[in-house]
Structures are given as C-alpha cells and as structure tokens.
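When we follow the working numbering, the leftmost residue of the sequence shown carries the number 4, and every step to the right adds one.
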Amino acid sequence: MTSDEYAKMLINKGCKRRYIRVQHDNASPHAAAARPIVLQAAKEDGWDIRMEFQPPKSPDMNILDLGIFNSIQSVQYRQPTHDVDGLIGAVMATFQLLPRRTLDKCFISLQKVMECIITHGGDNNFRLPRVSKLYIKNGFIPS
Numbered sequence: 004m005t006s007d008e009y010a011k012m013l014i015n016k017g018c019k020r021r022y023i024r025v026q027h028d029n030a031s032p033h034a035a036a037a038r039p040i041v042l043q044a045a046k047e048d049g050w051d052i053r054m055e056f057q058p059p060k061s062p063d064m065n066i067l068d069l070g071i072f073n074s075i076q077s078v079q080y081r082q083p084t085h086d087v088d089g090l091i092g093a094v095m096a097t098f099q100l101l102p103r104r105t106l107d108k109c110f111i112s113l114q115k116v117m118e119c120i121i122t123h124g125g126d127n128n129f130r131l132p133r134v135s136k137l138y139i140k141n142g143f144i145p146s
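Here you go:
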C-alpha cells in the first residue's frame, strides 16, 4: 500500500466514531497520516480522530504487531484481492472471524511485553515472551 492509498483509506474508510486513536509505527506509508488533508478530515463532522506515532525503536507495544496482524494474514491470504478496496474488505471480514481466544492471547502477550519493559528499565533489549497455551486453554488470564 502506498502513502497516497493509505491517506485515502484514512480519510474515506476510517471508522468514524466520536473518539478514535490511530497508532502508527512510523513505517514510510504511515507518514501520510501527518498530512494536513488527513488531519483536517480527522476533525470533520464532530469527530476526534488522533494520529499517534510510536517513537523510533520503542519497545513494541502495538497490539496489532503482537499477533493480530499474523492471525488475520494467515486467513486473508487465502482470499485473492486485486485492489485496495478488496484488501480492506478481506481484512475486515477476516478480523470478524478471529476467535476470542486469539485476541485474548494477543492481549496476554501485550501484558507480558509491558512486564519485560518494566523489568528491563524501559529498554527493548529482550526477547518477546512466549505465552503458554495453558493460560488460554484453562481459561486463566493473568491479571
């Protein structure tokens, strides 16, 4: 997806609720989110859509990167798409099919990453922790 396509998607296909926080990882196409036209569209009609960027080389606390993208991609790749609209539709449909347990595992991973960040003094020099399938299988989600 190019920077222009990403900007159009944010303007035209963004989920318009009253408050939305869009987290970006500073990938080159995501720079489109800082364009004045995108920021203006994010404030139209009473919406409050905020574009927030992760600092470079920050510890990975983006829940999407911790497993949701991988889960969606494994199913979405089986649905051939030929344009950006088709890709967006396939991703949205695939997300609706994700089992709750998959999402639970991703949020447990996020919690474990946060614990590692605290343990390592705010740094990101650690391996991503593996979350035991036992937690989910037994219905136990750590607090």
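Yeah, the Cβ is synthetic: ideal placement off N, Cα and C, and Gly gets one too.
Assignment of Y9 by DSSP, reduced to helix, strand and coil, places it in the helix class.
Q26 is bridged by DSSP to E55.
A Cβ-Cβ contact shorter than 8 Å links A35 with V41. Within the same chain, K108, I111, S112 and K115 come within 8 Å of V134 by CB-CB distance, once the 5 residues on both sides are set aside. Restricting attention to K16, S74 and G92, the CA atom closest to the CA of T105 is found in S74.
If you ignore the 5 residues before and after T84, its C-beta comes within less than 8 Å of the C-beta of L90, G92 and A93, all in its own chain and listed in chain order. Taking R103 as reference, the option from A30, V25, G70 and I121 with the minimal CA-CA separation is G70.
Distances from the alpha-carbon of A30 to those of T122, Y22, R24 and E55 put E55 closest.
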